[in-house]
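See structure below.
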Amino acid sequence: MMRSMTLAITAAAAVGLASGVAAAEPIHVGHLAAYTGPTSAVGKVYGQGIEDAMAYINEQGGIDGRTLERHTVDYSYEAPRAIAAYKQWTSSYDPPVIQGWGTADTEALVRFVARDKIVYMSASYSGHLTDPTGKSEHTKSAAPYNFFYGPSYTDGCRAMVSWAKDDWESKGGEGKPKWVHMGDNHPYPNAPKAACTEYAKNQGFEVLNPIVYSLSPGDFKAQCLSLKESGADYAYLANTSGSNISLLKACDTVGTDVQFVSNVWGFDELAAPAAGKAGDGIVFPVGAAQWGADVPGMKTIEAISEMSGGGERALHYMRGVCSVYFMRDAMEMAAEDGEITGPNVKAALESMSDHVPEGMEGVCLPHTWTPENHRGTTQVMVYQNHWKGDGDFSLEKLTTVDLPRREDWLGW
Amino acid sequence: MALSADSMRCGEFRTSYRADTTIFPTPMSRNFAIAGVLVLVLAPLFLNAYYLNLLIQIGYYGIAALGLNILVGFSGQISLGHAAFFGFGAFASAWLNNTTGLPVILCIPLAGVMTTAVGMIVGVPAARIKGLYLAIATLAAQFILEDFFNRAAWFTGGSSGALADPMSLFGYTFSTDQSYFYLVLAFVVVMYLLGANLLRSRDGRAFVAVRDHYLSAEIMGINLTKYRILAFGVSSFYAGIGGALFAHYLGFVSAEGFTILLSIQFLGMIIIGGLGSVMGTLMGTAFMVLLPEVMDGTAGVVSQFFPGFSQGLAYLKEMAVGLAIVLFLIFEPDGLAHRWKLIKAYWKLYPFSY
């Protein structure tokens, strides 16, 4: 009798313990980071945003009582290493969500994540990832499980075109302005090339032959000489800030008379002092509030920043945090309706309409995803850098471009 | 008591050329090889995906490295473009599979054949130049092919890379590490047996003759041009097969994986393993694949005592590979294969190892 009771108690305790363990089972999240390699200048800022935001969420009690367990892999911007990391995650942890990075690896993984039903939130904002059904004629393969926070590269570039058009008219320019796309021959700089070039043509620009310069910083005087000779009025820089700084400096030395505009990863508060005078006047898209902006969500950002020592953060940090916060909200919605699985998180994201995560008011742009359309936002904030000399600069918000949500723009 | 074939020997008792050129030097070594393969067949039952991944890496790199060893260790030439051939095989297999729809099991050897053709073209200068000059010629091939991978969108998908479907046979898909391990193991066994067999054939002996003294070889009637180019062809075939296995394992091929750095790593594998040794090639490959992982583990343990140590890990890994090559060149220029022989001899002669 005694013995059987002991047994029963032990069994009950074991069951209790087991269920307790099950409740505290962490939510695995893969995190692909570029802390080294050609895109590390912006990769470190964004990756820190991802890490801090997850740490902060855990400190605040996690999601549905469970903590986020982050599995970070620094892949040096090499697509094969990203695939290897992906295989390792799926075989060991089966994460419902992965926070990704570059365009080459994200686009390579599109079919994998669709097959394994894992929500992939990338830091690649390639327009190719916006078509979940593959209906668009521009889409190579449907991307049902791909999401990203912020305007797509193409929308960012379109906003640059639209700003350039106004700029040309306000300056009283004569004839057709000349537009040139500059970037490496790599999926990331190439992503907005075709769609944005077409948009520029429609807006009355003459589009010149693209100029190639590498993603790794180097001596780009030859490219600047070609740029000077081409007589371009607006040059779109499609690389990340590290390589852009070298290009701006080289072009300053060569003495080009061009208005530079760039991609969302092309310029930030860290690039401004490094580029110095050469970076004066560059115009670029911004996808979230700037550090220190007078918005309610900035309090949360400051608290998140404390997770790794605090202090001012560059633009990309906010986008990293926003990406994690949209993931958090989707996971919470998924947990309410059932389990936190890839398909449930996807459904939750696709149910969001003009959604801003709680605590991020004014920081993250409102996003809308639907099962047919993963172009989360069409708003692009346009900023300009003003160099004042002696390490002093300011980023001025010029305008917010609101692009139409055209069906034929899906998928590129 | 008569000496049976299986008992341990204390000297060389070969009395015919046939006995001197068996694939395995002793019945014991043959039995060990068979037992090794059998143990590996059981490995997926006990090992998790992480260890299987390492074994698979050793497999496809090992096949490619054996190709390089045939070129460098056996025929005495040099190639700094082996990674480009490895990459060509990967792209070729993916391209064949994606465009013609041929089953992957056929695409892999066909990719090997295509790579052989490219390798023989690259090997043409080898007919006339050698040493450092040949090294530079193959270096050029490395860069030309790398650029080709980036631009030939019809073949490689350009800078976006190409997807390679997993292999399927009779409706069964080799998409897990467990199943793919068996595929790679089968290829390793076949390719290594072929390699070992090649070296006891007429052509294999010609390679060695060309390496040891090309003038004497020519006087003996060996066609130098033919054998030098053939060595490049065979070496590229191995690289192509290795690359194709890599492509269908990863499921994705892109140009950035096949840089000069990988070519140097292949050279590192065969130098550490032992130039001119089939078994050594596999040992060297295992060493190069496992070294960074062991460094990882060690750094993890050390960083518990010295926090902040893991920060420098990325650099340490790269340095460790360089250091390993330098140390091997100084202390064991004949590679792991030689060290293994010494160990065997020590046990064989124990306790009279003077």
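Order-wise, the sequence lines are chains V and X.
Counting the first sequence from 1 gives a position; the working numbering is that position plus 8.
Counting the second sequence from 1 gives a position; the working numbering is that position plus 927.
Here a beta-carbon is modelled for each residue, glycine too, at the ideal position from N, C-alpha and C.
Remember, it's a predicted structure, so these values are computed and weren't measured experimentally.
Taking 8 angstroms as the CB threshold, N1077 of chain X lines the interface with chain V. For W1081 of chain X, the number of other beta carbons within 10 angstroms of its own is below 16, and it is reported as exposed. Closer than 8 angstroms to the CB of Q96 of chain V there is at least one CB belonging to chain X. Counting along the chain, N958 of chain X sits inside the alpha helix (DSSP H) bounded by residues 954-973. Interface criterion not met: the Cβ of F268 of chain V is under 8 angstroms from no Cβ in chain X. Contact with chain V is absent for S1230 of chain X, since none of that chain's Cβ atoms lies less than 8 angstroms from the residue's Cβ. Cβ neighbours of T948 of chain X within its own chain (closer than 6 angstroms, five residues either side excluded): R1127. Taking a beta-carbon distance threshold of 8 angstroms, H194 of chain V counts as an interface residue toward chain X. Cβ-Cβ distances below 6 angstroms link Q267 of chain V to Y242 in the same chain, with the five nearest sequence neighbours on each side left out; the list follows chain order. CA-to-CA, the gap between L981 of chain X and T138 of chain V works out to about 36 angstroms.
Beta-bridge partners of Q392 of chain V (DSSP): V:V291, V:E404. Straight across, the Cα-Cα distance linking G239 of chain V with K173 of chain V is about 17 angstroms.
In the pairwise beta carbon analysis, the segment 1199-1219 of chain X is classified as touching the segment 1252-1270 of chain X: at least three pairs are separated by under 8 angstroms. In the three-state scheme derived from DSSP, where H, G and I count as helix and E and B as strand, H146 of chain V is classed as coil. Here DSSP, grouped into helix, strand and coil, assigns G250 of chain V to helix. For V364 of chain V against P374 of chain V, the beta-carbon gap comes to about 5 angstroms, under 8 angstroms, which counts as contact.
Ranked by Cα distance from A297 of chain V, the options V:G226, V:T264, V:V388 are led by V:V388.
In chain order, P88, I91, A92, K95 make up the part of chain V whose C-beta sits under 9 angstroms from the C-beta of L1177 of chain X. In this structure, F1159 of chain X lies away from A1010 of chain X, with their beta-carbon atoms at least 8 angstroms apart.
Think of a sphere of 9 angstroms around the beta carbon of N198 of chain V: the chain X residues whose beta carbon falls inside it are G1085, S1086, S1087, in chain order. In the pairwise beta carbon analysis, the segment 400-407 of chain V is classified as not touching the segment 305-322 of chain V: fewer than three pairs are separated by under 8 angstroms.
Residue-level contact check: E115 of chain V touches chain X, since one or more beta carbons of chain X fall below 8 angstroms from its beta carbon. In the displayed model, A356 of chain V falls within a helix according to three-state DSSP. Residue nearest to V332 of chain V within the set V:D60, V:P46, V:G45, V:G226 is V:D60 (criterion: CA-CA distance). When the alpha-carbon of F156 of chain V is set against those of V:E415, V:A208, V:V105, V:M62, the nearest one is in V:V105.
Straight-line spacing of the CA atoms in E380 of chain V and A246 of chain V works out to 28 angstroms.
With fewer than 16 other beta carbons inside 10 angstroms of its own, F940 of chain X counts as exposed.
Distance from F1173 of chain X to A1017 of chain X at the Cβ level is roughly 6 angstroms; contact confirmed, criterion being Cβ atoms closer than 8 angstroms. Per the DSSP secondary-structure output, E214 of chain V pairs in a beta bridge with V:K186. Under the DSSP assignment, M326 of chain V falls in the alpha helix (DSSP H) whose first and last residues are 323-345. In the three-state scheme derived from DSSP, where H, G and I count as helix and E and B as strand, F1108 of chain X is classed as helix. Counting only runs that start and end inside the segment 988-1017 of chain X, there is no alpha helix (DSSP H) element of at least 4 residues. The C-beta distance from Y133 of chain V to G158 of chain V rounds to 6 angstroms, short enough to meet the 8 angstroms contact threshold.
Counting along the chain, the unbroken beta strand (DSSP E) around Y128 of chain V starts and ends at 127-130.
Residues of the segment 1174-1204 of chain X with a Cβ closer than 7 angstroms to any Cβ of chain V, in chain order: L1177, G1178, F1179, S1181, E1183, G1184. At a cut-off of 8 angstroms between beta-carbon atoms, R119 of chain V makes contact with chain X.
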